[in-house]
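Encoded as structure tokens, the structure appears first; notes follow it.
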Amino acid sequence: MKLLIADDHKDYCASLRESFSQQGWSALVAHTTDEALATVERHARELDLVLLDIEFDGEQRTGMDVLEIIRRRFPHLPVVMISGRGTLESAVRAIKLGAENFIDKATLSNERLLEVVRQAAGSASSNGTDTEAALSFLRTHGIIAQSPIMAELAQKILRIARSQLNVLITGETGTGKRLVAQAIHAASPRKNYPFVTVDIPNIPHELFQSEMFGHVRGAFTGAAQDKRGFFHAANRGTLFLDEIGELAYDMQSSLLIPIEEKTFHRVGSSEVETVDIRFISATDRDLAAATKQGLFREQLYYRLRETEIVIPPLRERREDIPLIAQHTLAQLNESAFVPKTLTPAALSLLQAQQWPGNVRQLISVLKESFMNAGDGEYIEERHVADALQSGYRITTPRSADSLGMIKANAEKSAIEEALATAKGNVTRAAALLGVSRETIYNHCRRFGIDPKQYRQQ
């Protein structure tokens, strides 16, 4: 593999070059933006990857400017941005401009850097010949797709699976984040070891560390015997932190060292234990924005997001709807007295929807439409329309922001109504909504709701 290291710190370049040489890779070096662009011009066809610093001291042109030029003139060439004083704003902008990844020198070990380079460089070697194989693999794990955007995602999932990088999966509710996490594990070298799921919102705040790391007998009231935690269960495998954005701020720091160093101790014990775990996290929240708002720790964000997978919403890949419908109906027909098919008009109605609940909502509507068709052989447009009406009416939001606002307002109203009914009792409010107390507290902090004010009503 051949790389370009573009950074104005000569010692850092020399150190990276030595590390890459030990891997059998060759590296070119540039210390200015002009040198970087000139080197790319001369060696674009032979380069596998560019490592590009954001700041070049004494220059008006930045690494971001160079990134834009490379993406415009050499779109096939993957670029990883590096910085010693990077910010979340820089990271987000770099990814939007087309960077494969963003590395903070201060938080990423040399071993992890090599993993990032391998994964990013792999994107250049992917080609259309393995597209169907990648999509076929995803289908075996319940991710039904045929669209170009999902074909690209499928290849990325397989590339990332082969690495040891911690993965952050983002996407709207119902897009299939858990399925993607399971697919990554199944395609990874850890596939023969445990895949352990942690539903963050369902863990009571006071038991979080005990559930994650285990405890020893007598550690707290009720700890009658030693207990192993999720970290023990996932050793040598994958720990999936689902809905990580719901983790309370004061609990986030407890994950920093265990994730970074793979060491921890049980509650009530000083004995340090070591594990070998890969972390995959998922959220439907904007964690970059949450860090800026002081709701999510920046250090934890970077540790969890060594690489990221963004799952597109269903409305951005409508060509997948017929295949998802066909797959769902095939499953329903296996146990049906009268097998059914969708009429063209019914399928057109499905494809016309915005699907704020994404694939999960589509499957739910298909199941209800199937029932609405009774003993008939065809699921008609009216059957689908009735299913859409009986759930919640599908509307077309003016923008993604308006959809987020609608969701937030609905969540806030539900919390307020539950607290009012429960007269400020958080435990009872949680029971009314079918969620954990921790989820109620998280939403109260998010929306500025004080449960105490409902005790006086």
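The numbering used here applies: residue 1 is where the sequence shown begins, and numbers increase by one.
All C-beta atoms in this analysis are idealised placements derived from N, C-alpha and C, irrespective of residue type, glycine included.
Measuring C-alpha to C-alpha distances from Tyr-301 to each of Glu-18, Thr-107, Arg-178, Leu-16 identifies Thr-107 as the nearest. About 6 Å separates the beta carbons of Arg-190 and Thr-238, which is inside the 8 Å limit, making them a contact pair. If you check the CB distance, Ala-325 and Leu-388 do not come in under 7 Å. The beta carbon of Ser-436 sits closer than 8 Å to the beta carbons of Pro-201, Asn-202, Ile-203, Pro-204, Ala-430 from its chain, once the five residues preceding and following it are set aside; these are given in chain order.
Out of Gln-331, Leu-255, Leu-179, the CA that lies nearest to the CA of Ser-210 is found in Leu-255. Rounded to the nearest whole angstrom, the C-alpha separation of Glu-243 and Thr-439 is 11 Å.
Collapsing the DSSP output to three states places Lys-2 in a strand.
The region 277–286 makes contact with the region 179–196, as at least three CB pairs between them are under 8 Å.
At a Cβ-Cβ threshold of 7 Å, Asp-48 and Ala-121 count as neighbours. Within the DSSP bridge table, the entry for Val-196 names Leu-239 as partners. Pro-258 counts as buried, since at least 16 other C-beta atoms from the protein chains shown sit within 10 angstroms of its C-beta. Close CB contacts of Phe-447 within its chain, under the 6 Å cut and outside five residues either way in sequence, are with Lys-412 (chain order). According to DSSP, residue pairing for Arg-278 in a beta bridge involves Thr-238. Residue nearest to Arg-315 within the set Thr-175, Lys-10, Arg-73, Gln-119 is Thr-175 (criterion: CA-CA distance). Where Leu-168 is concerned, the enclosing beta strand (DSSP E) starts and stops at 167–170. Cβ-Cβ distances below 8 Å link Ile-149 to Pro-312, Glu-316, Arg-317 in the same chain, with the five nearest sequence neighbours on each side left out; the list follows chain order. DSSP, read as helix, strand or coil, puts His-43 in helix. In the DSSP assignment, Ile-309 falls outside any alpha helix (DSSP H) and within the unbroken beta strand (DSSP E) covering 307–310. Within the model, the alpha-carbon separation for Gly-24 versus Met-1 is close to 8 Å. Residue state for Ile-143 is assigned as coil, using DSSP reduced to three classes. The beta carbon of Phe-230 is closer than 7 Å to those of Val-196, Val-198, Glu-211, Met-212, Leu-239 in its chain, skipping five residues each way along the sequence.
When the Cα atoms are used, Ile-144 and Asp-320 turn out to be separated by approximately 7 Å. In this structure, DSSP gives Ala-352 a state outside helix and strand, which the three-state scheme calls coil. In the three-state scheme derived from DSSP, where H, G and I count as helix and E and B as strand, Ile-82 is classed as strand. DSSP, reduced to helix, strand and coil, places Thr-427 within a helical segment of the structure shown.
Excluding residues up to 5 positions away in sequence, Ser-281, Leu-304, Arg-305, Glu-308 lie with their Cβ nearer than 6 Å to the Cβ of Leu-168 in the same chain. In this chain, the beta strand (DSSP E) harbouring Asp-104 covers 101–104. By the Cβ test, the region 53–67 is in contact with the region 23–43, since at least three Cβ pairs between them sit closer than 8 Å.
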